[in-house]
Every structure is written in C-alpha cells, then in structure tokens.
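Worksheet: the structure to be examined is printed underneath.
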Amino acid sequence: MYELVRVENDKVKIDGIDSLGGLKLDSDVTWIHVNARTEAELSEITDLFSLHKLTIEDCVDRRQRPKVEVFDEYILITLKQLELKSTIVANHLAIIIGKKYLITVSNKMPGEIAMVMEDLKAGKIMRKQSDSIAYRILDRVVDSYFPILDQIEDDIEIVEKSATKKTDGKKIAEKIFETRRKLLALRKATWPARDLFSTLSKGDLPLISKKNQIYYRDVYDHVVLIIDLVETYRELVSGILETHLSAVSNSLNEVMKVLTVISTIFIPLTFITGLYGMNFEFMPELQWEYSYGAVLLLMMIISGGMLFFFKRRGWL
Amino acid sequence: MYELVRVENDKVKIDGIDSLGGLKLDSDVTWIHVNARTEAELSEITDLFSLHKLTIEDCVDRRQRPKVEVFDEYILITLKQLELKSTIVANHLAIIIGKKYLITVSNKMPGEIAMVMEDLKAGKIMRKQSDSIAYRILDRVVDSYFPILDQIEDDIEIVEKSATKKTDGKKIAEKIFETRRKLLALRKATWPARDLFSTLSKGDLPLISKKNQIYYRDVYDHVVLIIDLVETYRELVSGILETHLSAVSNSLNEVMKVLTVISTIFIPLTFITGLYGMNFEFMPELQWEYSYGAVLLLMMIISGGMLFFFKRRGWL
Amino acid sequence: MYELVRVENDKVKIDGIDSLGGLKLDSDVTWIHVNARTEAELSEITDLFSLHKLTIEDCVDRRQRPKVEVFDEYILITLKQLELKSTIVANHLAIIIGKKYLITVSNKMPGEIAMVMEDLKAGKIMRKQSDSIAYRILDRVVDSYFPILDQIEDDIEIVEKSATKKTDGKKIAEKIFETRRKLLALRKATWPARDLFSTLSKGDLPLISKKNQIYYRDVYDHVVLIIDLVETYRELVSGILETHLSAVSNSLNEVMKVLTVISTIFIPLTFITGLYGMNFEFMPELQWEYSYGAVLLLMMIISGGMLFFFKRRGWL
Amino acid sequence: MYELVRVENDKVKIDGIDSLGGLKLDSDVTWIHVNARTEAELSEITDLFSLHKLTIEDCVDRRQRPKVEVFDEYILITLKQLELKSTIVANHLAIIIGKKYLITVSNKMPGEIAMVMEDLKAGKIMRKQSDSIAYRILDRVVDSYFPILDQIEDDIEIVEKSATKKTDGKKIAEKIFETRRKLLALRKATWPARDLFSTLSKGDLPLISKKNQIYYRDVYDHVVLIIDLVETYRELVSGILETHLSAVSNSLNEVMKVLTVISTIFIPLTFITGLYGMNFEFMPELQWEYSYGAVLLLMMIISGGMLFFFKRRGWL
Amino acid sequence: MYELVRVENDKVKIDGIDSLGGLKLDSDVTWIHVNARTEAELSEITDLFSLHKLTIEDCVDRRQRPKVEVFDEYILITLKQLELKSTIVANHLAIIIGKKYLITVSNKMPGEIAMVMEDLKAGKIMRKQSDSIAYRILDRVVDSYFPILDQIEDDIEIVEKSATKKTDGKKIAEKIFETRRKLLALRKATWPARDLFSTLSKGDLPLISKKNQIYYRDVYDHVVLIIDLVETYRELVSGILETHLSAVSNSLNEVMKVLTVISTIFIPLTFITGLYGMNFEFMPELQWEYSYGAVLLLMMIISGGMLFFFKRRGWL
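This is how it looks when you write it as structure tokens:
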C-alpha cells in the first residue's frame, strides 16, 4: 500500500510496505508515497505526522486547485499531473514537505513519482533533502505538461491547414473545439500553479533551502512559459475559427452567385417558351413564319443583356 | 419567531421563543436566528445588542452584496445562500459575530442553519465559540454552491453532446443561455465572497481566533475554486455555442450546395423541353426524325458537363 | 436665484434670496444651493468663499467626471444625478463641503436637493453638520440610480421573453441596443463614483468626521452593487442577443430546408413533364398505350427515392 | 528658424531668429521653439543647454509615445498634438522644462504654441515661469482632443440613425470602421498621456512648483475623461455594428421567407400544369369534360393547404 | 567555433578561435560569442566562468521566454531576435554580463552581434564595458523588431483597401490571419521583454552602471511602444475583418434580393403559361378569340403589382 523511501548516510532504500505501524522516523529523510482517495486511507499517516485535518482533506479532494499552504511543521503543495489520453486526465497530487520527511499522496501513482525514486536510487539527486526531492517531483510533473502542449501544437497545425480548404467544415469545428478543451484543461492546471511556484521561489519559507530557490524559480519560469503559450494558442485557435467561418461564408457566397446567375438567366427564357407553348387558338405569332427565329433571337438578346448587367455589377 | 441557542459549560440548549424580552446574555455563547424581511422585525435584536443602524439595513436588504463589515463590538458578514429550483434562488443571509453572541438573519430559514444547530447539539463542533459556529455556517453555505456547479456540469455535457448533432438548434441555444444564467448567478454570489473570506482569513480581526484562520482560508479556497470553475465553464459554454453555430452554418452550406447543383442542372434542361414544347407552326426541328434523340443526347451532354464542372470546383 | 439654508442652535431656516451681498457666515452651518451653467453665475460664491479657479470650472463643466478633490479649506465633490426620461439624462452636481458651509451647484435643481432640505427642516437629520448633510445628498443621488436599474431589469425580462419567439427581430435588436445604452450611461456615472466614495470613506479627510465614514462606506457599497449589476446585465444582454441571433439563424435554416426539399423533389418531375410536352413528331413513347402510367410510376419512384434520401441525410 | 521668447521683469519679447549663436541665457525665462525633424537640426540647442543624447532622439522620433522623463537639469515631456483632417494626424511635440528655460520641439508648429505665445504677450499668464508656460501648452494640446471627440460623437449619431434603416449597409460598415480608427488614434494619444500627467501632478518633481500641481491634475482629469469617453464610444460603436448586422440578417430572413412561400406554392402547381401539358396519346383525363375544372379545384386546395400550413408554422 | 573579442586599454582585438583552452581572462573586457544548440557545446564556457547549471539550460532552451536572472557573479538575459522570412523566425539569444566578461549564445549568429563587434572595432562605442556592449546588442535586437512592424503596417494597409472591395474574400481572410500570426509572434517576443528592461533600468543591479540605466530605459520605451502598436494593430485587424465580413454579408444580401425579385415575378407568370399549355379537350378559354390578349394583360398586371409591392417594401 505504501511506497517507503529511506535515506540514511546518502544511502537510499526503497520498500513497499502495508502498514506504517512501528515505523521510526530516524532516517535522514523518510519519503512515503500512498495512493489514496478517501481521508480514511490516510489515517495512519495523519497520526504518525500529526497532520492538520484540512491537510488531509486537501490531499484527497480531487477538485482542490494547485496551491501551497504553509503550516508550522510542514508545507503542503497540491498540484495536477496531466495525462494525455483521448481527453486530458488530471490526476491530483499532494506533496507534504517536512524537515526530515516527505509525503506524497495521489489518486493513482503517477509515472513521475516512480521516476524520481529511481533517480534517487541511482544517485542522480545529489542533495538528498526533502525539499530537493520535492523539487524533482514538481519539476517532472510540470515537464509532463509539455508533451500536451506539443500535441496541441500539432492539432493546431492540422486544423490550420484544413481551415481554408473545402474539407468538411463540421470536423474542423469539432477539432477546434477539442483543442480548446485541451487548452482550458492545461490552463486550469497551470494558472494556480503560477502562484504556487512564485511563493516557493521567494525564499521566505524556512523549509525550502536558499540554494533550491533558483530551482523552484526555474519551474516557475516553465509554468509561466506554458501559460504564455496557452494564451497564444488560444488566440491562434480563435483566429483559425474566424478564418474558417469567413472561408465558409465566402464559399457559400460564391455558390449563391452561380445559382443566382444561372437561375436568373433561364427563368425569363423558360417563361417565354411557356408563353408560346400555350394552346390558345388565336395566337397570331404562332402562324408567322419567322417567329421561331425571332423568339430565339429575343432569348439571346435577353440572356446576353443579363450577362452584361451581372458582369458590370461584379457578380461574375 | 426566534431560534435561541445557548451554550453553557459545553452544554447546548435550543429553544424557539417569541420575544427577546428579559433575555439575559449570561451564557458562554448565545446564538439567535431570526427570519426577517424588514428592519422593524429586528427592533428587539437591535435594542438588545445595540447594533448600528446600517447593520440592520444590511441584514434585511436582499440586494446587499456579500461583504464583511467590522464594527467595534461585532463583525457583520452578509452572504448568499443558493437554492437550485427551476432557476437559482439567492437567499440573503446575515451573520453577526460578537464576543459572546452570534446573530443570524435570513429572509427564509436555510437548511444550513438547522444543520449547524443539530451539529452543535450532537457535539460535532468541539470549540463552541461564536467564530467557530460562524465558520460552520459559512462553510455549509459555500458547500451548497457545489451541487449547483455539478448540475451546470451535467447541463454542459448534455449541450456539448447535442451541439454538433442535427437536433433542434433552438433548444440548444436556449439551454446554453439558461446555463449561462446559472453561471452568472453563481458568479454574482461568489465574486464578492472572495474578498470576504480573504479578509476573514488574514487574521487581523480580534473577534476571529488565530486557530480559526486556517479554516476560513479553507472556505476561501473553495470560493476561489468555484470562481475558477465558473470561468472555465463560461469559456466552455461559449466554445460550445460557437461550435454549434459553426455546425449550423456548415449544415446550411451543405443543403445549399445540393439545391444549387440539382437546380442548376435541371434549369437549362427544363428550358430546352420548353423550347420544343412551343407551338410555332414553322419549327423545322420538330419534323426531323432524329431530333428527339439529338435533344436527349444534348441534355445528357449538358448535365454531364455541369456535373464535371461542379466536381472540379469542389462543390460535390 | 440662491436657496439659502441656515442652521443655528439646531434650528433650520430656508430662504430663497437673489444676491449673496452682505451675507454673514456666522451660522453653525450655511448651505447655499444655486443652479448655474456658467462660471459667471458663480462669481458671488467664488468671492464669498474664495474658491479656487479650477473648482469653479469643475462646478459648471457638465462633462466633468465624478471625482473628489481635496483643497485646504474645502472638499469638492462632483457627481451625476440621473433622470430616466426617454433616454437617461445625466445632470451634473457639484458639492463643496467646508467646515461651516456647504455649497451645491447643479445645472438644474434636482429633486434630491429639495428632499434633503425638507428632511433637514423636518428634523430628520440629527447631526446638523456640513458633512452629514452632504452624505444625505450623496446617498439620495446614488439611490436615484436604482429605479433606472429596475427599469433596465424590466427591459431585459421583456427582451428575454421575445428573443426566442418568432416576433419581429428588428425590434428586439433595437430594444437590446437601447438597453445597452442605458447600461453604458449608468456605468459612466458609477465607475468613477466608486473611487470617489472609496476616498471619502477611508477617513483621512479632516472635514469628514470619523462617525460619518461608515455612512460614506454604505454609499460606496451601493455604488459597487450597481456596478456589479450593470456588469451582470451587460453579460445577460449579450447572451440574449447571441441567443436571438442563433434563433434567427436556426429559423432561416429550417425555412431553407423546406424550400430545398420541395424544390428538389419537383424540379426533376417538372423536367419530365416538359420532356413529354415537346412537340417532336417522332417520339415513339407518346403513342405507346401504357407510357402515361409508366411516367406517373417513374415520378413516384423518383420522389419516393428523394424523400428517402433526404430522410436518411437528416434533412427532414 | 527659431521662435525666441524672453521674459524679463514680467515683460515679454518675441523674436524669430535664425541662429542661437551668442544667445545669453540671462533672462528670467527663455523659451525657444523650433520645428525639427532630424537630430542635426537640434545641434545648436543641444550644445547650448547640454541636453542628453537620448533627449534629442526623443525630440525628433515621431514614433515616440507620450511620456515624461526626469533628468538632473530638466524634465522632458513628449506628447501628441492631434489635427482632424480626413483622418487624424498626430504631430509629435516635445517640451523640455528647465529652471530658467523652456524648449519646445515639433515637426510642424502647432497652433497651440502660437496661442500660448500670444497669451503670454497679452499678459494672460500671470506667473511667468517655465513650468506655468509648459502647463499652458499642455492644457491647450489636451484641449485640442475635444473637437475630435465631438466629431466622433456626431459620426456615431449619424451611424446610429442609419444602422436600423434599410440604407446601404456597406457604407455603414465603412463609416463604423472609420470611427473606430479615430477612436484608436485618440486612445493611442491619450493612454500614455495618463501616466504622464499623473507623474507631473504628484508633486515630487523639483522643477514643478507646488502651486502648479493642481493645474497639472486638472489636465490629468481631462485626459482621464477622454479615455473614459473613448471606451464608452468604442462600446457604443460595437453595439451599433452588432445591431446593424442583426438588422441585415433579419431583413435577409424576411426576404427569404417571401421567396420560400411564393416558390413553394407555385412549384407543385406548375408541375400539375406540366403534367397535363404532356402529349401522350392515351391520357384518359384529357377527354373527360370536367377534368379542367377538377384540376383548377385541386390547385386551389393545394395552395390553400400550403398557405394554411405556412401560417401555422409562423412563416407568414 | 568561438568569436572572441578582447578589449585592452581601449584597443579591440577580434579573433575566431576553436577552443577556450588556455584562455586568460586578463583583458579589460573579454567577450565570447558562440553558436550552440546543446548544453554540451557550452561545456568549455561553463567551466571557464563557472556558470550555474540552470543558466546553461536557459542558454540553449529555444523555448525559454525573454527574462533576466540575477546571479552573484553575473546577470543572465535571454531575448528573441526576430527575422522576417515567409513567416517570422524567432532566434533565441542569451547574454551573460559579468564584471569583466560578456558571453553571448545563440542558435545562429544574428547580424546584430556582428554589427556590434564592428561598431566596437570602429570605436563607435565609447565606454567599453560589458554592460555598455550588452546595451548595444539589446538595442540592436529590439530595433530589429521595427522592420517587422513596418511590414505588418503595409500588410494592414493592403488588406484594408481590399476589404470593402469585391475581391476574393478567401484571400483577404487568409491575409488577415497571416497578419495576426505575425502580431502574435511579435507580442510573444515583446511582452516578457517589457519586464526584462524594466528590471534592467531600475538601477538596483550592481553590474549595470548608473549611467547606463537611462539607455536601458530607452530600450524599455521602445519595447513598450512596440507592445502598444501591436495592440493597436490587433484591434485594427479585428475591425477590418468585421468590416469585411459585414461587406460580404451585405453583398450576399444584395444578390439574394435580385434573385428573389426576378424569381418571384416570373414564377406566377410561368405557372399561367403552363396552365394554358395543358391539353384538356374542354378548356373553353382556349377557343375565345381575345383570351391570349387577356392573359398577356393579366401577366402585366401581376408583374406590375409585384414590382409595386417590392418597391414599397424597400426591396428594390
């Protein structure tokens, strides 16, 4: 149930244990990761580290926004880990940084946690303190936003290419809407994270060492970059939609014009043929020898005149 | 008329009384709830607790925005309790926190008040002080916003599914407008509440104990979360509307194309049939033996040519 | 020309006088109201109270925004009084608060001034100081915004009801535009007033007594409420317009579909009748006994096939 | 080339000189105005007053935004003077305020400079100091924005009246676009000027006397008023455009309905006439005596039925 | 691989070297420029100047936003150099300002670097310090944004002229979209640069000399000007698009009207001709001598009546 990482004299030991009963917090750093969805599942941790009631609530409340909360004994950080499936899935992740311990709670073990554990074991993390390990996790989680951005970028490129073409407009509109959803999901995860990392990098938190501030500031920069790109993409997508709608409207216009011109030219002609198709006994024109030719000529004049008129009005 | 809750030595007594005459404020905490719509109905309370004239006004003014007002002897908080009926109904709620008393005024007893009274009696509230009880009420009221959010979420899902389908567009537009109204109502209730809880959680109010600040901060977080979600949903709804309009416009386009093509192909053909339906005596073609076949062939060539032309223009 | 109010030992005397010549400022409070549109009309007052040149300008400049300007001897407040006629008429009102005097200048005596004078005479204003009287005027002027809000609310309700109905679209668009104009006028009057009352209620102005600050804060609350409602109504109106346009577009779509279907079914049929209406001598079909029935059958098959096709495409 | 104004013992002397060679700065105030478009044209002034290299750049850079720059020896103010021709022409104006001198540089002598010189000569400016004269110029320049606002107001009124009428839509769209351009030009000139006058009126600049701060604040008020009006007009214009587009769309709708109804009623009737216009030999109906009357009756029933159907659907 | 510039006693020496091995930092200023795309390519520089790990990352991360980062020994500035090809290409540029050294890293040597080196050699830069040289580079890079602005301006003028003409709407929409992309690219490069130069010009950085602050402030002014213009152009472009769409919609409207009128006039006439084209044996009208004339008269009356009706409805 729990993943337990213990650091002692720069040595790292990783165990999977079922209960925290009898666990001693005498290592240099003790990191416990647990997948939990209810407060009950965190009862052992709550007791062992005497966490505040509201901390426990925040750890399992999937709706909780990214934020940082400073308590006397620890710092609570909540964040969203994003997975790109058919839609974007946001996994809730809570990190509690204590002096000699680190607790991570998520509703599903994200790959980032496992990667940091491996890094730790492989000695890739030099300074084995709770705040350094927390930075690694946060950095990995924020880095997981970039593939999503890349995919959105690809989507935009595809949509952009097809926007002015005469492809199926409905699909473009749906694709655009889908891209917007992804951007909204990304924005929802990053906007509050901005404040979070700004707080962590400002350096008045005793549990974050001075040396790590610049690292937290680096993550902050990444978050700001993502927010920037999200806003740029949103504008781009809006522009594409407008361009597409304008193209659709133009195409409709063009089609209408052809209809108008063809209909308008033939309607009077058809009327004339109808006229001389009437069966009245007394229609003197019908007997005249040249009237058929005269009617054909009249039709030519009419259609020619209309073509000339439409040309001059710029409808052709 | 009044609900009276008295706490003495951790014991809770709840009464319904008709008049405050002779009431002594010697309990540890005295909590009076009253349903009032006019200043006159609050005259007894005003006299007993010597409230400011403007406080009384704020208590019964249903238009009053959520706010906190700090007086020498008490803190006045006004808030909106939301009920989800066919539309969202906003009930005005005023809470006055004194050192040893708590006054709640509403235009209709909300379920939240009753729930907190029961909690108090059942001993679920440990620290029986006026600010702790007030927190409970505020927390419950803000929690009442979430079912509304959930319902909006459901609405959005329904609208989203039908937006790109060929269902009745008018109903979608109305449903979207209705969802927007709900979002506006929710926003109207939560935006000012943000400042309110920010003030309460900042901890320079002598009537709010240090310990309770984090709880008020928790409510503040919830309010910010709701505001965030409201903004996200607003964008989502706008996106859906745009997608829907784009789908409608595309569908119209498609229909127009079919009309154009069919009309445009048949109009010249019909003209030709009219031509040879004319009753002139001298139309040499009529007597030629192969002219019927020739005309049929001509028609095929014309329609074939047009189909080819439309295909090449991408109208089919 | 001038309305003169003098308060001495809590007694109030109101006079209409033509000139300020020989007026002594020995009352507890001297309140002078004057209707003026040019700087010249204020010359007597300027001399008597030695007002700054720019103050005089602000008093008669109808374009002046609501603001507060603090001078050594007095505070200048400018505000808009709104009247609801066929459009909203904004009357400019200037209030000068001195230690023992109060000057009000407007381009037209608003009802609010008269009402406050009556209140003063009737003893409804307890604390007869210049800042208390000024509060009364400001409160009344801001209260005069609410009937306009109410009327806008009524307009919105009417427009909302007719937006999705098939009533005359042009009238709805005009009504919506008119409502927007009213909202803009209201916003123009209230936005700057927000800063004004914020300044007055902050309590670092020596001419405003501590006791009155809460009253000014109450007016500030009202102004913020109006701004809030104006923004909400603006969004609502935008939503209604969009819904209406969407309804119009949908209705057009529906009409187009019927046209398409009927035209498209009859156009080929009419072509066939034309075909056999031609007068060629050699059309073998014409002599066959069952060809009439066969043609009728063909037409039924064609129209049936098209109906089936349209049904499947969802156009019916 | 230079306009030279010298103030000595309250006496004003104005000269036009060609070179600054030998000019002594011993007057109470020396004001030099020069029309310059290149840095070279300012070389004499640069040497005489030892101006900073960047100051010279700002004086002739027509793209420079309105701003104030404080140097040890002088204050540099850049501003836009607006002229209303067929479009709005923005002239760049730089003002350098020194202790005993004033330099004004523009790419074209604006009327405002000449007016202030005349006022100075006519003794209309009491306090003849460089900051007072500068205030006069700034005040005049900002006042020159108001006629443009007035003209925009007139434009809006005209557009508004024609927006819902059936006048030429293209002209309205162009007029609206033109008005927007003017508003943008005005905004571009006033937005940065806001900060400029805010800085000047805040009173921590040693070269601006305390007494003049209220005058600079007055100009600031004017700028804020213009910004306010520009924003209001922008919204108004947007509203007009939307109303106009809605009117156009409605009118199109109305036309479409008439077309639909007339077409749809006549298309089946025309088909029937075609049917009995066919020349088959064996069409029994043709010989029946009452079939003509029966067909006429059928046509009436069909058209009546369709009219009834359309009426019920609300299309008439 | 490296461009090496050494300043000693005001003398400038420029070399192209392949390795930094054995390089002594004993010159007055040592400026090294390197084109690098990976951290590995910067290893020699990192070792020589002991740069922070994150600095190296920022130097080669092309996604890095413009920012300034202050370290104990140096200041890191990242910026975008823009090139106008078929689209805007943003080259990443990093500048590291040390006390006696300057390092510039880019993914491609921009012309601006070469120009500053030439200026340096030609003695055009008086104060040969690292911060002065850095200013030169930054100034040049920001100046490179102006030609792009100019091109956008040209684009807008072209689009504007064709927007209300009946040219190909699709091309206009694409051109507008392209212009928006350029504006977005420019905004992405300048928005963060604003903060950057604001920080550099505020003067609390020990490595930036007091004298240079005003120069950095000048660059800041340029950046703000570009941001201003970008916003103005964005609005202009939006306005053009709206005008264009409105023109398209109006033109469609006009075409529709002609179609409606011509169709609607001929449809009943054609029906009448069909009526008397029927082959019933018993149609008494057919034998009447004047019925042909009567029918012609009836048609004239019908078409005249419709023309009159359309005229009165304003459709002509």
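Protein chains in written order, with the working numbering: chain A, 23 to 338; chain B, 23 to 338; chain C, 23 to 338; chain D, 23 to 338; chain E, 23 to 338. The beta-carbon is built from N, C-alpha and C at its ideal position, and this holds for glycine as well.
- Pick out whichever of D:D83, D:L218, D:A112, D:N275 has its Cα sitting closest to the Cα of T60 of chain D. D:D83
- Message: So that I know if they touch, is there some Cβ in chain B lying closer than 9 Å to that of K279 of chain C?
- Response: yes
- Find the residues of chain D that neighbour N301 of chain C, judging by a C-beta separation of less than 8 Å, and give them in chain order. N301
- Item | Per-residue DSSP class, three states only, for K333 of chain B | helix
- Message: Taking 8 Å as the cut-off, does the stretch 56-74 of chain C touch the stretch 167-174 of chain C (at least 3 CB pairs, one atom from each stretch)?
- Response: no
- CB M300 of chain B to CB V317 of chain A, shorter than 9 Å? yes
- Query: In its own chain, which residues sit with a C-beta less than 7 Å from the C-beta of N57 of chain D, not counting the 5 before and 5 after it?
  - Reply: S128, N129, K130, M131
- Message: Quick check on DSSP: helix, strand or coil for G299 of chain E?
- Response: coil
- Message: Counting only Cβ pairs nearer than 7 Å, list the residues of chain D close to F304 of chain E.
- Response: E311, Y314
- In chain C, what lies closer than 7 Å to K204 of chain B by C-beta? Near K204 of chain B there are no residues of chain C at all, since even the closest Cβ is about 12 Å away, more than 7 Å.
- Query: Whose C-beta lies closer than 7 Å to the C-beta of L291 of chain C among residues of the same chain, with five residues either side of it excluded?
  - Reply: M321, I324, S325
- Message: Do V283 of chain A and F332 of chain A count as a contact pair if the criterion is CB distance below 9 Å?
- Response: yes
- Members of the stretch 263-274 of chain E near chain D, C-beta cut-off 9 Å: E264, T265, H266, L267, S268, A269, S271, N272, S273, L274
- Min CB distance H114 of chain C to chain D below 9 Å: no
- Message: With three or more C-beta pairs closer than 8 Å as the rule, is the stretch 244-255 of chain D touching the stretch 131-142 of chain D?
- Response: no
- Query: Would a C-beta distance cut-off of 9 Å place R162 of chain D and L142 of chain D closer than the cut-off?
  - Reply: no
- For chain A, find out if any of its Cβ atoms is closer than 9 Å to the Cβ of E175 of chain B; answer yes or no. no
- Which residues mark the beginning and the end of the alpha helix (DSSP H) in which A116 of chain A is found? It is not in any alpha helix (DSSP H) - A116 of chain A instead sits in the beta strand (DSSP E) that spans 110-120.
- Message: Please list, in chain order, the chain E residues whose beta carbon lies closer than 7 Å to that of G296 of chain A.
- Response: T292, T295, G296, G299
- Which bits of chain B does F288 of chain A rub up against, with CB to CB less than 7 Å? I289, P290, F293
- Item | Option in A:F293, A:T201, A:G296, A:V90 with minimal Cα separation from E253 of chain A | A:T201
- Have a look at I287 of chain A and T295 of chain E and give me their C-alpha separation to the nearest angstrom. 18 Å
- Query: Looking at the structure shown, is S128 of chain E part of a helix, part of a strand, or coil, going by DSSP?
  - Reply: strand
- Task: Starting from T52 of chain A, trace the alpha helix (DSSP H) both ways and give me its first and last residue.
- Result: Run containing T52 of chain A: none in the alpha helix (DSSP H); it sits in the beta strand (DSSP E), 51-57.
- For S285 of chain A, go through chain E and note every residue whose CB falls closer than 9 Å to its CB, in chain order. L281, I284, S285
- Which residues, taken in chain order from the stretch 232-243 of chain C, show a beta carbon closer than 9 Å to some beta carbon of chain B? I236, Y237, R239, D240, D243
- Determine the burial state of W310 of chain B: buried for a count of at least 16 other Cβ atoms within 10 Å of its Cβ, exposed for fewer. exposed
- Query: chain C partners of R85 of chain B, CB-CB under 7 Å?
  - Reply: L247
- Task: Could you tell me whether the Cβ of V317 of chain C comes closer than 9 Å to any Cβ of chain D?
- Result: yes
- Item | Interface flag, W213 of chain A vs chain E, CB-CB below 9 Å | no
- Message: I need the DSSP call for I36 of chain B, collapsed to helix, strand or coil.
- Response: strand
- Using the beta-carbon count (16 or more within 10 Å), is P214 of chain E buried or exposed? buried
- Task: Just grab the DSSP bridge partners of Q103 of chain A for me.
- Result: A:N113
- Would you decide whether Y238 of chain B is buried or exposed? Buried here means 16 or more other CB atoms lie within 10 Å of its CB. buried
- Message: So T254 of chain C contacts chain B; which residues on that side make the cut at Cβ distance below 7 Å?
- Response: L206, K210
- Query: Ordered along the chain, which non-local residues of its own chain (more than five positions away) have a Cβ less than 6 Å from that of K197 of chain B?
  - Reply: V181
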